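**Q** Here it is: the structure, laid out below.
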Amino acid sequence: MKKIFDTIVILQKKITASLLLGMVGVVTIQIVARLIFHISTAWTEEVSKFMLIWLSFIGAVGALIKGDHMLVDILSTNYSPRVKKYSRILNDIVVICFSAFLFAYGIKLCANPIIWRSLTPAMQIPRVCLYVILPITMAIMLAYSIYDLIISIQAWSEKNKDAPKINSKNDKATSPQNYDIFGKATEKKEGDAI
Numbered sequence: 001m002k003k004i005f006d007t008i009v010i011l012q013k014k015i016t017a018s019l020l021l022g023m024v025g026v027v028t029i030q031i032v033a034r035l036i037f038h039i040s041t042a043w044t045e046e047v048s049k050f051m052l053i054w055l056s057f058i059g060a061v062g063a064l065i066k067g068d069h070m071l072v073d074i075l076s077t078n079y080s081p082r083v084k085k086y087s088r089i090l091n092d093i094v095v096i097c098f099s100a101f102l103f104a105y106g107i108k109l110c111a112n113p114i115i116w117r118s119l120t121p122a123m124q125i126p127r128v129c130l131y132v133i134l135p136i137t138m139a140i141m142l143a144y145s146i147y148d149l150i151i152s153i154q155a156w157s158e159k160n161k162d163a164p165k166i167n168s169k170n171d172k173a174t175s176p177q178n179y180d181i182f183g184k185a186t187e188k189k190e191g192d193a194i
């Protein structure tokens, strides 16, 4: 499953880079047409708006999978492993609820006959081409969040022999700072306190 999500991230990077490059090109055409040739190009505004919406949703998928999205850094860096575990599980639950709501709403929106029949003003393409990105990206985010929640719960419930055991306040070798968020021992880095 991890390979699938890694592939999605690679694909997402290529798509978002292409959309961003395309958006820069379209906006450049619009600026040159207005300022130099004094021509109004309505299609450029519409295309750039569509590209920005698609770029935002596809970028959100990559950010979630890479762990750069909707995670409070304060909880993941400054607190104990136990709080980190709970914050990750809570984060997954919130993203699942949000993604499920938007996925259901996106399906309902795309299935609406008015959306199917209406066309965009400038390019005269079906509006569903704009809205279809919502259920697609939310389905991917929902799948990843469920996968991550399962991993988080398994790691949380796992009885680990290497769990931190603090014998005294001066026992630095077994303090929580030498363990990852799941209670597994990590290697000391150079410069860590002894």
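No gaps in the numbering here: position 35 of the sequence shown is 35 in the numbering used here, and each next residue is one more. Ideal placement from N, C-alpha and C gives every residue a C-beta, glycine not left out. Here the structure is a predicted model, which means the values were calculated and not measured.
(1) Using the rule of at least 16 other Cβ atoms within 10 Å of the residue's Cβ for burial, across every protein chain shown, is glutamine 12 buried or exposed?
(2) Can you give the Cα-Cα distance for valine 24 and glutamine 154, rounded to whole angstroms?
(3) Kindly identify the DSSP beta-bridge partner or partners of leucine 119.
(4) Alpha carbon to alpha carbon, what distance is there between leucine 21 and phenylalanine 5?
(5) Assuming contact is defined by CB atoms lying nearer than 7 Å, are leucine 102 and methionine 51 in contact in what I supplied?
(6) Taking the alpha-carbon of valine 207 as reference, which of Ile114, Arg34, Lys84 and Met123 has the nearest alpha-carbon?
(7) How would you label cysteine 97, buried or exposed, when you count the other beta carbons within 10 angstroms and need 16 or more for buried?
(8) How long is the line joining the alpha carbons of leucine 35 and leucine 119, rounded to whole angstroms?
(9) Using three-state DSSP, classify glycine 67 as helix, strand or coil.
(10) Does DSSP classify tyrosine 131 as helix, strand or coil?
(11) Which value, in whole angstroms, describes the spacing of the CA atoms of leucine 19 and lysine 85?
(12) Return the CA-CA distance between valine 94 and isoleucine 39, expressed in angstroms with no decimal places.
(13) Would you mind reading off the limits of the alpha helix (DSSP H) that contains tyrosine 105?
(14) Less than 7 Å between the C-beta atoms of valine 9 and glycine 67, yes or no?
(15) Roughly how many angstroms lie between the CA atoms of isoleucine 53 and valine 132, to the nearest whole one?
**A** Once the coordinates are examined:
(1) Per the 10 Å Cβ criterion, buried.
(2) Rounded to the nearest angstrom, the two C-alpha atoms are 44 Å apart.
(3) Looking at the DSSP output, leucine 119 shares a beta bridge with Pro126.
(4) The C-alpha of leucine 21 is placed about 24 Å away from the C-alpha of phenylalanine 5.
(5) For the pair leucine 102 and methionine 51, the CB atoms are not nearer than the 7 Å cut-off.
(6) Residue coverage of the chain in this structure runs from 1 to 194, which leaves residue 207 outside it and unanswerable.
(7) Exposed, since its Cβ has fewer than 16 Cβ neighbours within 10 Å.
(8) A direct Cα-Cα distance of roughly 29 Å separates leucine 35 from leucine 119.
(9) In the structure shown, glycine 67 sits in coil (DSSP, three-state: anything other than H, G, I, E or B).
(10) When DSSP states are grouped into helix, strand and coil, tyrosine 131 belongs to the helix group.
(11) The alpha-carbon atoms of leucine 19 and lysine 85 are separated by roughly 36 Å.
(12) Whole-angstrom Cα-Cα distance: 47 Å.
(13) Where tyrosine 105 is concerned, the enclosing alpha helix (DSSP H) stretches over 81-111.
(14) No, these two residues do not count as a Cβ contact at 7 Å.
(15) C-alpha of isoleucine 53 to C-alpha of valine 132: approximately 11 Å in a straight line.
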